[in-house]
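Undergrad: Numbering (the numbering used here), first residue to last: 5 to 523.
Even glycine gets a Cβ: it sits at the ideal position worked out from N, Cα and C.
Model, not experiment: these values are computed from the prediction.
Next up is a structure, given as structure tokens.
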């Protein structure tokens with residue numbers, strides 16, 4: 005992959021990636037479930053003791069399999085970023101629904117280089133999101149029974165998925181009133197009006213069961229086909245006008261699905277969406293503190309891809325990755341440049357960069373120990389607000405300069421030591437990935453190509469600098485690693501000394517600030 009990118013123009017590589025067909029998760033997860041179940045049976049297990057359908061473990065196996073092997077790496081990377089904006093989580097009500105998780109993630113993969121409006125509509129109608137933010141089986145108001153539409157999704161689709169809390173300028177700066185106070189984008193009345201829109205949705209299809217022949221409003225999540233968009237049940241949809249933002253009114257008498265489509269389009273056309281999405285994606289993929297000019301350039305690409313289309317994610321991603329703040333070396337030493345890479349990205353990058361051995365040719369991974377020690381895995385956010393907030397400011401030099409460091413919110417003594425411990429497991433014991441299955445599916449680290457390089461520590465360090473730190477290894481870290489490797493000699497460890505040099509080098513690279521901070 006490094007050679008491929010180096011041999012072509014960056015813009016050409018992005019265009020090539022955009023043209024690749026998406027590598028989707030759902031079929032992979034289903035295949036993995038069937039294969040794992042058969043292994044369990046072949047190993048003497050009772051078929052009734054295995055899961056009845058794919059669970060979260062199978063989603064995770066599929067996620068790692070796709071992300072270790074897929075060619076459409078840019079699309080997959082953007083989908084991961086989107087999963088931290090358009091958040092669902094299996095840590096809540098979706099733990100047993102691996103197919104639903106995979107199907108939802110496929111919406112992000114499929115639209116990662118598509119159109120933001122289409123994605124937002126598909127997200128709103130996905131049963132996984134409906135269950136997570138409780139507009140699945142959300143009824144119209146029945147005041148005499150004190151029943152009112154649930155406001156959860158109505159609030160978050162504005163606050164977290166599209167326009168944010170305050171009106172923005174195209175460069176992401178806050179609009180203020182005459183007193184210098186930020187201007188809110190919506191109020192509690194608006195939330196109540198939006199909540200009326202997202203009523204009447206329930207299962208679009210059901211799985212085979214003994215209780216119900218057809219989907220209907222009120223269908224239990226346990227028999228809902230989580231891969232089919234929710235359907236509208238008009239008798240449960242709130243009728244009448246809906247007064248939305250900036251004087252926009254949805255007329256009475258429309259079908260419920262027309263109300264939803266009009267509402268999503270209304271949000272999509274709000275001038276906040278461009279700078280809101282631009283900043284969140286830049287923070288996730290490039291730097292925590294983009295300048296207003298950077299945000300404005302990406303907003304311009306969101307508003308118009310050059311061919312009159314708004315919300316073209318391919319144009320947005322290209323604008324993000326090709327911007328001078330992302331590409332020009334003069335920015336490297338700027339104190340506002342860079343970001344702390346979240347533990348999950350460090351893990352994924354290391355696994356993708358290194359040679360690996362897999363006895364069954366699969367790259368399944370449960371990642372439980374990693375999650376236990378760092379709190380991170382795909383779709384494992386503790387809440388709809390993601391693992392960390394975009395405006396988090398860690399106490400100290402970053403806050404003192406009024407800068408942001410979102411990932412520092414989960415960087416503490418527990419997760420830092422936990423990360424160091426899992427790195428030790430990967431490097432010293434060689435186990436990169438493992439599963440909960442009855443057969444030996446562990447994926448192990450293969451350092452055979454690195455061992456000959458360890459005869460000269462400088463050669464080994466240069467190789468790992470390219471693989472892991474993008475050629476940006478600092479002189480201080482280089483000296484520390486070189487000094488440590490010099491202590492590992494034939495006199496100390498006999499014939500194993502080259503192997504241990506490699507392991508020590510990998511360990512020190514992986515726990516260094518140079519690896520943790522992306523510049």
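1) Using only alpha-carbon positions, find the residue among 20, 98 and 495 that is nearest to residue 385.
2) Looking at C-alpha atoms only, which residue of 507, 474 and 439 is the closest neighbour of residue 428?
3) Just the Cα atoms here: how many angstroms apart are residue 299 and residue 15?
4) Three or more C-beta pairs under 8 Å: does that hold for the stretch 466-480 against the stretch 85-93?
5) Please go through the stretch 412-451 and give each complete alpha helix (DSSP H) segment of 4 or more residues, from N-terminal end onward.
6) Report the residue from 234, 219, 211 and 177 whose alpha carbon sits nearest the alpha carbon of residue 203.
7) For the stretch 487-505 against the stretch 309-320, are there 3 or more C-beta pairs whose distance is under 8 Å?
8) Return the CA-CA distance between residue 210 and residue 224, expressed in angstroms with no decimal places.
9) In angstroms, rounded to a whole number, what distance separates the CA positions of residue 232 and residue 208?
10) Report back the beta-carbon spacing between residue 54 and residue 34 to the nearest angstrom; my notes put them in contact at under 8 Å.
11) Is residue 261 helix, strand or coil when you go by DSSP?
12) Which runs of the beta strand (DSSP E) fall wholly inside the stretch 272-357 and span at least 3 residues, in chain order?
13) Straight-line CA distance for residue 512 to residue 485?
14) With 16 as the cutoff for other CB atoms within 10 Å, does residue 483 come out buried or exposed?
15) Given that a residue counts as buried once 16 or more other Cβ atoms are within 10 Å of its Cβ, and exposed if not, what is residue 393?
16) Check the C-beta distance from residue 102 over to residue 73 and give it rounded, since I have them as a contact under 8 Å.
17) To the nearest angstrom, report how far apart residue 185 and residue 128 are at their CA atoms.
18) With a 10 Å radius around its C-beta and 16 neighbouring C-beta atoms as the bar for buried, classify residue 440 as buried or exposed.
19) What separation, rounded to the nearest whole angstrom, lies between the Cα atoms of residue 174 and residue 306?
20) From 39, 310, 348 and 189, pick the residue whose C-alpha is nearest to that of residue 366; which is it?
21) What residue from 124, 332 and 396 has the CA that sits closest to residue 287's CA?
22) Under a three-way DSSP split, which group does residue 177 fall into?
TA: The short version:
1) 98
2) 507
3) 19 Å
4) no
5) 417-428
6) 234
7) no
8) 9 Å
9) 6 Å
10) That pair is no contact at about 14 Å.
11) helix
12) none
13) 7 Å
14) exposed
15) exposed
16) Going by Cβ atoms, the distance from residue 102 to residue 73 rounds to 19 Å, so no, they are not a contact pair.
17) 32 Å
18) exposed
19) 10 Å
20) 39
21) 396
22) coil
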